[in-house]
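Numbering (my numbering) for the sequence shown: 1 to 116.
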Amino acid sequence: FSNILHSARIFIHDKDSTTFLETMSYNIPTLLILKKGYLNKLTNSAKKHYQKLEKNKIIFTNIRSASNFLNQNYHEIDRWWKKKQTQDVRSNFCEIFAKTTDNPVAETLNLIKKLQ
1 FSNILHSARI FIHDKDSTTF LETMSYNIPT LLILKKGYLN KLTNSAKKHY
51 QKLEKNKIIF TNIRSASNFL NQNYHEIDRW WKKKQTQDVR SNFCEIFAKT
101 TDNPVAETLN LIKKLQ
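See below:
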């Protein structure tokens, strides 16, 4: 999977899933196309972060809008993805929903200790 991730120009997801979180955390250009109304099902806190992704063209709730965006930006997708604003929104989202660590075992043990 890692080889596929790093060889792709962009990943397009149709579900808010682990794979979406992985491509976001690996900092691979990513689009997420959700059903209209999906964001309304989120908590207010989560909705705020998802709306920022939507504003920065990472999330779409309209397939035609996603298609138009992709057609207009495909050849310069890295330019869009590496823009400071896009990266800031992606990074903030990942800090909450797709946090990575260099030491997962130690962090998991620390979390378990805190719960005891």
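All C-beta atoms, glycine included, are put in the ideal place defined by N, C-alpha and C.
Residue pairing by DSSP puts Phe60 in a beta bridge opposite Ile33. Each residue's CA atom was taken as its position, placing Phe11 and Tyr50 some 17 Å apart. In this structure the segment 55-75 touches the segment 16-34; the number of beta carbon pairs closer than 8 Å is three or more.
Around the beta-carbon of Val105, fewer than 16 other beta-carbon atoms lie within 10 Å, marking it exposed.
When the five nearest sequence neighbours on each side are left out, the beta carbons in the same chain lying within less than 8 Å of the beta carbon of Lys35 are those of Thr61, in order along the chain. Of the candidates Thr18, Gln72, Met24, Asp16, the residue whose Cα lies closest to the Cα of His6 is Met24. Per DSSP, Phe1 lies in no alpha helix (DSSP H) and is assigned neither H nor E. Residue burial is scored here from C-beta neighbours: Ala66 has at least 16 other C-beta atoms within 10 angstroms and is therefore classed as buried. Check the Cα spacing between Asn92 and each of Thr19, Lys15, Tyr74, Lys52: the tightest is with Lys52.
Exclusion of the five residues before and after Ala98 leaves Leu21, Met24, Ser25 as the residues of its chain whose Cβ lies within less than 7 Å of its Cβ.
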